[in-house]
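See structure below.
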Amino acid sequence: MEKLETEFAQIVKEQKDTIYTVCYMFSKDAEEINDLFQEILVNLWKGFSSFRGQSHIKTWVWKVSLNTCISFDRKKRSRAQTIPLKMNINLYKDNDKDSLQIRMLYERVNRLGLFDRAIILLWLENLSYEEIGAIVGISAKNVSVRLYRIKEELKKMSNQ
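Mapping of the sequence shown onto the UniProt record's numbering: position 19 corresponds to residue 19, and the numbering continues sequentially without gaps.
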């Protein structure tokens, strides 16, 4: 059992950035991001013993992370709305031109549907069409078509 735990800890250490990337795409609230991260770790651990290595470990982590965040998002929408406590300052806000453009892109991406958001997020992480298809469960050709449509939709948002 200890070997399994050590192996799992190493995978989490290597894939931590991937997990956080997915979490940040589904929430901007620090507490919620931490909750998502923990939920993903629980789901990764539950599925770790049954991971057969048919895909690359990073592909599997992406898939589990996205499915966990999508489920969390659906549950959140079905719950009663709460009003978050806001501070008057943002310690993480960058005002340089690159940060503003990245923030604008992510704001537009967040306006997409969950499935399209997942696809564009994976594409922005430089995953191949085949890897994206394996993660979201569609063909590489379908990924290509959907990405074209998503990019067109994002362009339309910039004209609004």
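The beta carbon of each residue, even a glycine, is placed where N, CA and C say it ideally should be.
DSSP-derived helix/strand/coil call for F51:
One-based indexing of the sequence shown puts residue 51 at position 51. If DSSP states are grouped into helix, strand and coil, F51 belongs with coil.
Is A134 near T59, with beta carbons less than 8 Å apart?
For the purposes of this step, residue 134 is taken as residue 134 along the sequence shown, with counting starting at 1. For the purposes of this step, residue 59 is taken as residue 59 along the sequence shown, with counting starting at 1. Against a cut-off of 8 Å, the Cβ pair of T59 and A134 comes out as a contact.
Just tell me which of W45, E14 and F26 has its CA closest to the CA of G113.
Counted from its first residue, the sequence shown places residue 113 at position 113. Measuring from the Cα of G113, the nearest candidate turns out to be F26.
Just to confirm my understanding: we take K63, look at its own chain, exclude 5 residues before and 5 after, and list those with CB closer than 6 Å. What are they?
Position 63 of the sequence shown, counted from the start, is the residue given in the question as residue 63. Same-chain partners within the cutoff: I135.
From M157 to D35, what distance separates their C-alpha atoms?
Counting from 1 along the sequence shown, the entry for residue 157 is found at position 157. Counting from 1 along the sequence shown, the entry for residue 35 is found at position 35. Rounded to the nearest angstrom, the two C-alpha atoms are 30 Å apart.
Contacting residues, own chain, Cβ-Cβ under 6 Å from I70 (five flanking each side not counted)
Sequence index remark: in the sequence shown, residue 70 carries index 70 (1-based). The residues are L114.
Going straight from the alpha carbon of L91 to that of T18, what length do you get?
For this step, residue 91 is matched to residue 91 along the sequence shown. For this step, residue 18 is matched to residue 18 along the sequence shown. Annotation note: pLDDT 46 at L91 (below 50); position unreliable, coordinate value reported separately. If you take the alpha carbons of L91 and T18, they lie about 23 Å apart.
Chain-order list of residues whose beta-carbon lies under 7 Å from that of I11 (same chain, five-residue window excluded):
Position 11 of the sequence shown holds residue 11. I57.
Tell me which residue opens and which closes the alpha helix (DSSP H) that R117 is part of.
Working through the sequence shown from its first residue, we reach residue 117 at position 117. Note, R117: alpha helix (DSSP H), L114 to L124.
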